[in-house]
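Okay, so here's the structure we're looking at.
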């Protein structure tokens with residue numbers, strides 16, 4: 349277990365999906381490692397849980413981060429009031445019910461709700477591939493919001509239908525460029541340490557932590573540059589205002605080192621263009 | 003030959019209604035669910051189609067299309083099939099789906115279904131006992147027994163819905179009752195919500211970190227120096243104080259979460275109210291506002307008439323169409339062919355009533371379905387709604403009899419048998435009155451509570467924030 353725990357970095361992950369698919373059970377499972385004793389009722393508003401995730405475990409700079417998992421209630425009557433939860437998101441977990449096709453089709457709507465909300469520093473775009481033939485694992489690393497898809501209630505799907513359901517899920521996950529996990533939230537064996545599913549999940553959390561770190565770096569550079577431009581004098585500052593931000597963004601991009609930011613390939617362009 | 007062509011016309015229209023019911027089911031009701039049992043969809047569409055056919059036959063009666071004999075035949079056929087559906091098939095399906103959902107009874111599905119269905123039939127029969135609905139000469143297995151009971155249930159549902167609707171309609175339409183909500187109110191309460199969520203996450207972080215330190219210490223003790231160190235461990239590092247800390251934090255978290263839920267519900271309320279205020283400023287809003295005032299006058303008049311009917315125990319013998327036309331002829335001296343005009347006017351009146359009642363019922367069913375269904379219970383609820391729909395339409399035919407001139411009433415009397423129609427009207431009036439008055443009571447209480455919520459909550463919130471600030 350990791351000794352070093354970072355409490356300062358705010359990492360926020362949303363759990364979205366239709367009503368009754370199993371978001372609350374899943375959130376409880378990943379945060380506490382055990383299944384809920386009593387059946388949770390419908391979530392009203394939003395319930396947050398904290399997951400201590402070991403980032404870069406096994407390396408020298410391993411650290412544990414507190415990831416806030418926000419489980420958003422999905423009642424239809426509360427639709428207009430949910431947008432307040434969509435600020436400053438670092439990752440999205442999309443949950444659908446394997447016994448109900450419509451919950452899979454509605455996932456796109458949920459994702460669009462989050463993306464259409466105001467973006468933070470242009471890091472909220474999602475790369476969508478046009479071809480469905482490239483499998484998810486071969487996708488080049490994309491900029492923007494980390495995603496993962498979870499299919500629940502696996503134990504209620506009989507063997508006959510399993511193949512067709514898995515193809516439908518796989519198509520959507522390829523389209524969104526993310527991985528998919530199929531599980532039963534009342535059985536912790538699916539997420540036991542070392543299994544393929546838990547590796548996928550921890551890779552997802554790694555990406556969200558990196559996204560949060562990048563966001564923090566960009567916001568710090570922006571604020572520090574704003575301070576310096578304002579000290580140059582008022583006229584210069586207003587002239588530099590928009591341009592200055594643009595230069596800051598691209599310089600932040602180039603200084604981040606890796607080829608993570610590739611705005612040319614994002615399908616939803618950020619507000620800075 | 004004419005009978006055959008009439009039957010063709012009837013069946014074509016029935017297939018048209020069936021298709022409409024099918025599409026309504028797929029697009030409106032089961033928007034978010036996968037339909038795994040096609041039988042549910044078929045039965046729902048069949049009930050809808052048969053109900054619409056009954057109304058269609060009334061229209062045909064007034065306008066005098068098709069042969070009277072074939073009309074009568076189709077009436078009886080339709081009635082038998084719809085009664086079979088509503089009394090036998092639908093309860094059986096509902097019991098089957100209920101039993102399937104209960105895990106314990108998986109092995110004895112069929113017998114359990116039969117048992118539940120028999121209890122339903124027993125209670126259905128018992129409904130008829132307290133009411134004076136039948137003349138004594140009918141045997142025990144006649145169709146009148148079944149129709150009379152179906153009529154009682156259907157009339158009750160109709161009266162409840164129209165009583166509530168008559169009161170709720172002016173309340174929602176008119177802008178007099180709107181509370182004043184500004185966007186600053188909404189912004190303020192959303193800020194509180196986010197602050198509460200922030201506090202909850204901070205406390206949960208502390209609990210999670212404390213738990214991890216705890217378990218790390220325990221595992222260190224297990225591999226470490228053993229019992230010697232545990233004796234000399236200083237009190238402030240002892241695990242008991244750490245556990246106590248998390249318990250206290252956990253209790254704080256639980257109460258904060260409850261607070262968070264309530265704040266969220268208030269946010270939803272305020273936003274809905276804001277939407278209504280914005281809507282009332284548009285043209286449609288203003289039009290509905292004026293309509294609301296007219297409806298409130300109509301509703302009070304109706305309640306007044308119901309009370310008069312019950313108190314003075316009178317049932318109108320003449321339908322409004324003939325009465326209205328007679329008044330026109332006598333007081334205004336307009337001379338026209340009453341018979342012809344009564345046919346047209348009753349056609350329009352009955353047509354409008356049918357369309358509005360079908361539309362109203364479908365909208366109400368959709369609202370109920372969205373409110374109470376989940377992925378497990380969707381089948382049961384849809385079947386329940388189909389049963390209510392069937393009973394509702396049968397009773398509306400029963401009650402519509404009063405609104406038609408004498409000539410057209412005969413076919414309904416002939417088909418439905420010799421029922422005590424006055425009883426049903428009286429029963430409708432009583433239930434309508436009860437429903438309208440209790441809706442007024444409920445809406446008054448709900449409206450009274452709402453504006454005071456803000457001031458009370460503010461005091462509780464500020465106290466909560468003062469106590470629980472870390």
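Residue numbers (this note's numbering), protein chains in the order written: chain A, 349 to 621; chain B, 3 to 472.
Just so you know, even glycine gets a beta-carbon here, dropped at the ideal spot from N, CA and C.
For clarity, every value in this text was computed on a predicted model and none was experimentally measured.
Taking only the alpha-carbon atoms, compute the straight-line gap between residue i and residue j and give it to the nearest angstrom.
i, j, result
"residue 488/A", "residue 382/A", "At residue 488/A, the pLDDT of 35 sits below 50, so the modelled position is not reliable; the number obtained from the coordinates is stated separately. In a straight line, the C-alpha of residue 488/A is about 34 angstroms away from that of residue 382/A."
"residue 160/B", "residue 185/B", "40 angstroms"
"residue 18/B", "residue 57/B", "14 angstroms"
"residue 399/A", "residue 207/B", "9 angstroms"
"residue 421/B", "residue 88/B", "19 angstroms"
"residue 404/B", "residue 280/B", "42 angstroms"
"residue 411/A", "residue 197/B", "27 angstroms"
"residue 211/B", "residue 353/A", "8 angstroms"
"residue 419/B", "residue 155/B", "18 angstroms"
"residue 12/B", "residue 398/B", "21 angstroms"
"residue 492/A", "residue 292/B", "51 angstroms"
"residue 371/B", "residue 32/B", "9 angstroms"
"residue 502/A", "residue 373/B", "27 angstroms"
"residue 331/B", "residue 324/B", "10 angstroms"
"residue 20/B", "residue 63/B", "22 angstroms"
"residue 360/B", "residue 430/B", "18 angstroms"
"residue 400/B", "residue 538/A", "59 angstroms"
"residue 110/B", "residue 378/B", "20 angstroms"
"residue 14/B", "residue 349/B", "22 angstroms"
"residue 380/A", "residue 366/B", "42 angstroms"
"residue 199/B", "residue 99/B", "41 angstroms"
"residue 412/B", "residue 387/A", "57 angstroms"
"residue 215/B", "residue 253/B", "20 angstroms"
Could you work out which residue in the options is closest to residue i when comparing CA atoms only?
i, options, result
"residue 92/B", "303/B, 45/B, 58/B", "45/B"
"residue 330/A", "455/A, 358/A, 532/A, 416/A", "It is not possible to answer for residue 330/A, since the shown part of chain A is limited to 349 through 621."
"residue 188/B", "357/A, 544/A, 428/A", "428/A"
"residue 305/B", "357/B, 204/B, 432/B", "432/B"
"residue 395/B", "248/B, 158/B, 381/B, 298/B", "158/B"
"residue 351/B", "364/B, 326/B, 369/B, 15/B", "326/B"
"residue 124/B", "151/B, 73/B, 20/B, 110/B", "151/B"
"residue 415/A", "444/A, 541/A, 549/A", "549/A"
"residue 346/B", "76/B, 406/B, 310/B", "406/B"
"residue 488/B", "105/B, 264/B, 275/B", "Nothing can be reported for residue 488/B: it is not among the residues displayed for chain B, which extend from 3 to 472."
"residue 126/B", "287/B, 393/B, 15/B", "393/B"
"residue 451/A", "567/A, 364/A, 557/A", "364/A"
"residue 434/B", "302/B, 254/B, 103/B", "302/B"
"residue 442/A", "436/A, 397/A, 527/A, 540/A", "527/A"
"residue 133/B", "426/B, 99/B, 255/B", "426/B"
"residue 203/B", "394/A, 506/A, 521/A, 421/A", "394/A"
"residue 61/B", "375/B, 49/B, 77/B", "77/B"
"residue 436/A", "555/A, 461/A, 563/A, 521/A", "563/A"
"residue 553/A", "521/A, 500/A, 438/A, 461/A", "438/A"
"residue 1/B", "119/B, 412/B, 192/B", "Because chain B in this structure spans residues 3 to 472, residue 1/B falls outside the shown range and cannot be described."
"residue 390/A", "419/A, 506/A, 413/A", "419/A"
Counting only Cβ pairs nearer than 8 angstroms, list the residues of chain A close to residue i.
i, result
"residue 211/B", "353, 355, 400, 414"
"residue 202/B", "396"
"residue 263/B", "392, 393"
"residue 259/B", "395"
Using a Cβ cut-off of 8 angstroms, pull out every chain B residue sitting near residue i, in sequence order please.
i, result
"residue 432/A", "192, 195, 196, 269"
"residue 506/A", "Within 8 angstroms Cβ-Cβ: nothing; residue 506/A doesn't reach chain B, min ~12 angstroms."
"residue 366/A", "34"
"residue 424/A", "372"
For residue i, which residues in chain B fall below 7 angstroms Cβ to Cβ?
i, result
"residue 428/A", "273"
"residue 499/A", "Going along chain B, no residue has its Cβ under 7 angstroms from residue 499/A, so there is no contact; the nearest lies around 14 angstroms."
"residue 448/A", "35, 36, 377"
Is the closest heavy atom of the ligand PLP to the C-beta of residue i under 7 angstroms?
i, result
"residue 35/B", "The model depicted lacks the ligand PLP and carries no ligand whatsoever."
List, in order along the chain, the chain A residues whose C-beta lies closer than 7 angstroms to that of residue i?
i, result
"residue 199/B", "394, 396"
Taking C-beta pairs closer than 9 angstroms, name the residues in chain A that residue i reaches, listed in chain order.
i, result
"residue 253/B", "Those do not exist, as residue 253/B stays about 17 angstroms from chain A at its closest Cβ, beyond 9 angstroms."
**Prompt:** Pairing CB atoms from the region 27-47 of chain B with CB atoms from the region 377-392 of chain B, are three or more of them under 8 angstroms?
**Reply:** yes
**Prompt:** Whole alpha helix (DSSP H) runs in the region 379-427 of chain B with 4 or more residues, listed along the chain?
**Reply:** 380-402, 408-418
**Minimum length 4: unbroken alpha helix (DSSP H) runs contained in the region 98-122 of chain B** = none
**Three CB pairs or more closer than 8 angstroms across the region 94-104 of chain B and the region 371-387 of chain B** = yes
**Request:** Say whether the region 213-227 of chain B touches the region 289-296 of chain B, bearing in mind that this needs 3 or more beta-carbon pairs closer than 8 angstroms, one atom from each stretch.
**Result:** no
**Item:** Cβ contact check for the region 443-458 of chain A and the region 503-523 of chain A: 3 or more pairs under 8 angstroms
**Value:** yes
**Request:** Please specify which runs of the alpha helix (DSSP H), each continuous and at least 4 residues long, are wholly inside the region 388-474 of chain A, giving them in chain order.
**Result:** 449-453, 455-464
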